[in-house]
Amino acid sequence: MGTFQDYLNFSDKEEYSQKQLKIMDKITFSEETEKAVKSINKEIKILCFAQVYCPDCRAIVPFMKKFSEINNNIKVDYLLKENNEDLLKKLTDTVRIPTLVSEKDGKMTVFLLEFPNFIQKEMKKDPDSYEEIKYNFRTGKYNREIEKELSDYLTSL
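By the working numbering, the letter at position 72 of the sequence shown is numbered 68, and the numbering carries on one by one without gaps.
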């Protein structure tokens, strides 16, 4: 099982790890989210395909790390893209990161592929704003929406 520390060490460039830790410090959850996540009373296994050099991963990974800190029933296994391309292709027909997969009763379900669902919808609705939406995603403008989408998914399991 890959730990968060393993994820930080996936790159030999310290600057990426430092960027990720800086983002981690900025992520805070609403009281409602904390309460909902704390109420999860069964083990949830998540595979997190990510690399610390990837700006999209740096936007998503902190949420999963913080959820697992709030509730130790949430088990996150951080996996390197390069070592797991076959599994990623099997699960998603592509190799994109970040990818989040829940594992329940032996069944794997992809619930995030590169961008949260609401971001993907915005990008499809307004293709001319794709780069702006991506920039806003990477810089934290949509953190509340990311928090809600991910916490809603976890509490639905």
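For every residue, glycine included, the Cβ atom is placed at its ideal position computed from N, Cα and C.
Rounded distance between the beta-carbons of residue j and residue i, thought under 8 Å
{"i": "S26", "j": "E143", "result": "7 Å"}
{"i": "I93", "j": "L150", "result": "I93 to L150, Cβ: 20 Å. No contact."}
{"i": "I19", "j": "R54", "result": "5 Å"}
{"i": "S98", "j": "I42", "result": "6 Å"}
{"i": "L96", "j": "F111", "result": "Between F111 and L96 the Cβ distance is about 11 Å, and since that is not below 8 Å, they are no contact."}
Residues bridged to residue i (per DSSP)
{"i": "Y74", "result": "C44"}
Reference residue i, options the options, closest by Cα
{"i": "F114", "options": "E145, T95, N79", "result": "E145"}
{"i": "F45", "options": "D21, D73, P123", "result": "D73"}
Under 8 Å: do the region 41 to 52 and the region 5 to 12 share three or more Cβ pairs, one atom per stretch?
yes
Between the region 116 to 133 and the region 89 to 108, do at least 3 Cβ pairs fall closer than 8 Å?
no
Any beta strand (DSSP E) of 3 or more consecutive residues that is wholly inside the region 91 to 130
95 to 100, 103 to 109
In chain order, each beta strand (DSSP E) run of at least 3 residues that lies wholly inside the region 1 to 56:
40 to 45
Does the region 29 to 44 come within contact of the region 60 to 78, defined as at least 3 CB pairs closer than 8 Å?
yes
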